[in-house]
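Structure first, commentary second.
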Amino acid sequence: MCGICGIVATGDQPAVSDVTAMIGAISHRGPDGSGYLRDHHAVLGHARLAIIDTAGGAQPLCNEDGTVWVVFNGEIFNYVELRHQLRDRGHVFRTASDTEVIVHAWEEWGEGAFTRFNGQWAIALWERNNQRLILSRDRVGICPLYYRHTSGHLAFASEIKALFAEAASPRPSFDPAGLDQVLTYWSAIAPRTVFSGIEQLPPGNYAVFDRDGLRCEPYWQIEFPDRGREANQDLESNAAELRNKLIQATRLRFERSDVSVGAYLSGGLDSSVTTAAIRNFTDSPLATFSIRFADAEFDEGTFQHRMAAALGTEHHEIVISASDVAGVFPEVVRHAESPLLRAAPAPLFLLAGLARESGFKVVVTGEGADEVLGGYDIYREARVRAFIAKDPDSPVRARAVELLYPWMARNPGKAPAFARDFFSQDLDPADPAMSHRPRWNSTSALKSMLSSAIRDQARDSTDGAAVSLPSGSDAWDPLSRAQWLEMTTLLAGYILASQGDRMILGNSVEGRFPFLDPDVVDFANNLPARHKLFGLDEKFILKYAFADLVPEEIRNRHKQPYRAPDAASFFSAEPPGWVAEALAPEQVMACGVFDARQVAGLTAKARLRRGRFGNTDNMRMLAVLSTQLLYQQFIAPSQIAVERPADPLLVIDLVDSEREQDVPASYVRS
Amino acid sequence: MNDAFIAQLVAEWNAARTRGGDEALEAVCTAIFLEDVFDLTLTDEQLQPAFLTETSALQTALQLQGRD
Chain A
1067 MCGICGIVAT
1077 GDQPAVSDVT
1087 AMIGAISHRG
1097 PDGSGYLRDH
1107 HAVLGHARLA
1117 IIDTAGGAQP
1127 LCNEDGTVWV
1137 VFNGEIFNYV
1147 ELRHQLRDRG
1157 HVFRTASDTE
1167 VIVHAWEEWG
1177 EGAFTRFNGQ
1187 WAIALWERNN
1197 QRLILSRDRV
1207 GICPLYYRHT
1217 SGHLAFASEI
1227 KALFAEAASP
1237 RPSFDPAGLD
1247 QVLTYWSAIA
1257 PRTVFSGIEQ
1267 LPPGNYAVFD
1277 RDGLRCEPYW
1287 QIEFPDRGRE
1297 ANQDLESNAA
1307 ELRNKLIQAT
1317 RLRFERSDVS
1327 VGAYLSGGLD
1337 SSVTTAAIRN
1347 FTDSPLATFS
1357 IRFADAEFDE
1367 GTFQHRMAAA
1377 LGTEHHEIVI
1387 SASDVAGVFP
1397 EVVRHAESPL
1407 LRAAPAPLFL
1417 LAGLARESGF
1427 KVVVTGEGAD
1437 EVLGGYDIYR
1447 EARVRAFIAK
1457 DPDSPVRARA
1467 VELLYPWMAR
1477 NPGKAPAFAR
1487 DFFSQDLDPA
1497 DPAMSHRPRW
1507 NSTSALKSML
1517 SSAIRDQARD
1527 STDGAAVSLP
1537 SGSDAWDPLS
1547 RAQWLEMTTL
1557 LAGYILASQG
1567 DRMILGNSVE
1577 GRFPFLDPDV
1587 VDFANNLPAR
1597 HKLFGLDEKF
1607 ILKYAFADLV
1617 PEEIRNRHKQ
1627 PYRAPDAASF
1637 FSAEPPGWVA
1647 EALAPEQVMA
1657 CGVFDARQVA
1667 GLTAKARLRR
1677 GRFGNTDNMR
1687 MLAVLSTQLL
1697 YQQFIAPSQI
1707 AVERPADPLL
1717 VIDLVDSERE
1727 QDVPASYVRS
Chain B
2 MNDAFIAQLV
12 AEWNAARTRG
22 GDEALEAVCT
32 AIFLEDVFDL
42 TLTDEQLQPA
52 FLTETSALQT
62 ALQLQGRD
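Those protein sequences? They're chains A and B, same order as listed.
First residue of the first sequence? That's 1067 in the numbering used here, and the numbers climb one at a time after it.
First residue of the second sequence? That's 2 in the numbering used here, and the numbers climb one at a time after it.
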């Protein structure tokens, strides 16, 4: 992957120095080189992580006559097939890169190009003849794309910190409504972010900016069939087709690279499937990477070792302690650019560092399987809640909660009370978001910590529900509605951002996600719900389809959600100095997001218990610490240090070339 | 929903289950599957091992609720 940025202004000429500062701010996304294009009303910038056509793929790139230019972050995995099609239609290529396919595909098909792409991307296209900018983001939100739009002026970038690097940008401040969303959904929901005036292009959308302003349109949407009208009801043939599609998706992501590709191996089903799929079609050495935890409560090393041994991989692992999490957390928050309610991104940041230190720029991961194939506990919980809702007074139905978690079966006396207290909340079958209501409500408890000023501003600036299911979704299976909510909120906003792109690219590594291949997603969305969640058996069809490649002990182990030590990481024997500084009352008051008195109480409690908290207090402490760090890093400083773009720097100056040579549309490279 | 489809789903379910352990809890598990797939509501009396572990009894339950 890479980083992109740029400024388009319908009046003034954008400053090159602004865009080089923006490139510098995201140079961790592309340390292999950089480049910019200067036109009269546009400057496009690029930070390059060279993966495909490492020699010839430097950006910006253009079409045959230099009328369409592109900067691009991501991969178009089917670029080879698309290039054949475009050559047949007369397009002439100068490089072997996937980037060049984008400009010709745009010329040929317009916005129809995006539905032809199999990949992950944030794209900016500049049409010189029409003086317009086109932005596009991949279907599910693997690659980020932010912008600031004011009258006649649009600045865009892969990360928010690049937008702050524009000299004329307003001083950063928090958006109370964005913070309010984080304290409900775990992330802001596109187009909103937690920073005022900064928006993000929603996944599956493209935008056009020209003299008429900014217009945004979806080119793809998450869709499910009506319940009972799924195309194929046969488990055997559906499992076979899913297997074929997943192997093809994994193969594309493993083979379409000019540098070595490794694989994450968590010890769970999803990464075992993708790694086994790779092993199945290559005899080359395969490197795998795992997180181990010093605390046995979180560690999955046994299963990782068994899978690595079964596949004969060159296995690498990093053992992470609570103090490691605390030590790296400020850097993690700087990359995430959002408050975090969990420390889980920190180990993933360190894991990506291990991959990079081991010489890998690309890793394949199992991310997305839980959303696409019904793997999360929230789906199982929703089904149990629906079961209990049919007769909340039935002691027989109340036992269903024992099926969710092994500890309940071992403590049968506690199960009925737990069922009453948690699973009987918000049991409104008419509520289309019934599956997610308990999570949203329990997360919203954190808002009691907000300062009264932020609470009031959030209430005043919240413009309706951030998440509303599409019309017609009432005919979907309840699991499909839950999947839609999960893919729309947590996947794009948190899993692929704070735990995905930001942690991986923070170490100059690219993540690839076979479970989010569009063919896999479309196929999975059209499966009968029971093939995904079979009773309470999650990802049933995946286990069925890969029974021969993944050992039984991994296929049928109780699902272990990925977790890391949370508040305990920051209140061990010797907390790092930044913790006390971030939580100091004067800092909390200066930030103004949280009520200083409540933060002081929570801090005292954390010190007393060494951070051994329940779920809600864990989230409270993480929210406070990460928000305070964001304030210190982005809002409090009067000036943000300007970093240089990585060398070599490719300069394409269309303005100077016109002036010097008196010919249109020629360009120079230096 | 015809008999063959019902039989197919019940067979898929039975093939995927590992017997043993708490039979009453197993019956609850089966009931969750059946109620979801066939969109029906069983009575507490029907949420019993003797009823839900027999294919014929399952089909009777479905017939009683007019799902066949």
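Every residue gets a Cβ at the ideal spot worked out from N, C-alpha and C, and that includes glycine.
- About 10 Å separates the beta carbons of A/R1505 and A/D1492, which is beyond the 8 Å limit, so they are not a contact pair.
- As a beta-bridge residue in DSSP terms, A/L1220 pairs with A/V1074, A/H1215.
- Contact of B/T61 with chain A is not assigned, every C-beta pair being separated by 9 Å or more.
- No Cβ-Cβ contact shorter than 9 Å links A/A1531 with A/K1513.
- Contact between the segment 1105-1118 of chain A and the segment 1069-1081 of chain A is present: 3 or more CB-CB pairs across the two stretches fall below 8 Å.
- Put simply, the segment 1363-1377 of chain A touches the segment 1328-1345 of chain A. At least three CB pairs are less than 8 Å apart.
- Where A/Y1145 is concerned, the enclosing alpha helix (DSSP H) starts and stops at 1145-1154.
- Secondary structure in the segment 1265-1335 of chain A: the beta strand (DSSP E) runs of 3 residues or longer, each lying completely within the stretch, are 1271-1276, 1279-1284, 1327-1330 in chain order.
- Leaving aside the five residues that flank A/F1364 on each side, the residues in its chain whose CB is nearer than 7 Å to its CB run, in chain order, R1629, A1630, P1631.
- Contacts with chain A at 9 Å (Cβ-Cβ) include B/A17.
- Within the segment 1167-1201 of chain A, complete beta strand (DSSP E) segments of at least 3 residues are found at 1185-1193, given in chain order.
- For the pair A/L1267 and A/P1257, the Cα-to-Cα distance works out to about 6 Å.
- In terms of CA proximity to A/G1156, A/E1130 leads the group A/I1168, A/E1130, A/L1407, A/E1177.
- Contact residues of the segment 1460-1473 of chain A toward chain B are S1460, P1461, V1462, R1463, R1465, A1466, E1468, L1469 (C-beta to C-beta distance below 9 Å).
- From the beta-carbon of B/D4, no residue of chain A is found nearer than 8 Å; the closest lies around 15 Å away.
- Contact note: A/L1602 reaches chain B through C30, I33, using a C-beta cutoff of 7 Å and chain order.
- Less than 9 Å separates the beta-carbon of A/E1141 from that of A/G1185.
- Residues of chain B whose Cβ lies closer than 7 Å to the Cβ of A/F1453 are, in chain order, I33, E36.
- For the C-beta of B/E13, the chain A residues within less than 7 Å are, from N- to C-terminus, L1301.
- For A/L1716, the enclosing beta strand (DSSP E) has its first and last residue at 1715-1719.
- Taking a beta-carbon distance threshold of 9 Å, B/L26 counts as an interface residue toward chain A.
- Ranked by Cα distance from A/I1561, the first of A/R1678, A/F1138, A/E1437, A/G1244 is A/E1437.
- Considering only B/D45, B/L41, B/E27, the residue with the shortest C-alpha distance to A/L1470 is B/E27.
- Counted as a single uninterrupted DSSP element, the beta strand (DSSP E) harbouring A/A1353 occupies residues 1353-1359.
- Counting along the chain, A/G1577 sits inside no alpha helix (DSSP H); it lies in the beta strand (DSSP E) bounded by residues 1576-1578.
- In this structure, DSSP gives A/F1261 an extended state, which the three-state scheme calls strand.
- Sequence-distant partners of A/A1171 (beyond 5 residues in either direction) whose C-beta falls short of 8 Å from its own C-beta, in its chain, are L1148, L1152, A1179, R1182, F1183.
- A/C1128 sits in a strand when the DSSP states are folded into three classes.
- Listed in chain order, the non-local C-beta contacts of A/S1235 below 8 Å within the same chain comprise R1214, A1221, L1229, local neighbours out to five positions each way being set aside.
- For A/I1620, the enclosing alpha helix (DSSP H) stretches over residues 1618-1621.
- A/I1208 carries a coil assignment under DSSP once its states are collapsed to helix, strand and coil.
- Short of 7 Å from the beta carbon of A/P1238, and not among the five residues preceding or following it, lie these beta carbons of its own chain, in chain order: F1230, F1261, F1700, I1701.
- Residues of the same chain with a CB within less than 6 Å of the CB of A/I1288, apart from the 5 flanking positions on each side, are W1550, M1553 in chain order.
- At a cut-off of 9 Å, the C-beta of A/A1595 has a neighbouring C-beta in chain B.
- A/L1318 and A/N1144 have their C-alpha atoms spaced approximately 8 Å apart.
- A/R1675 and A/P1080 have their alpha carbons spaced roughly 54 Å apart.
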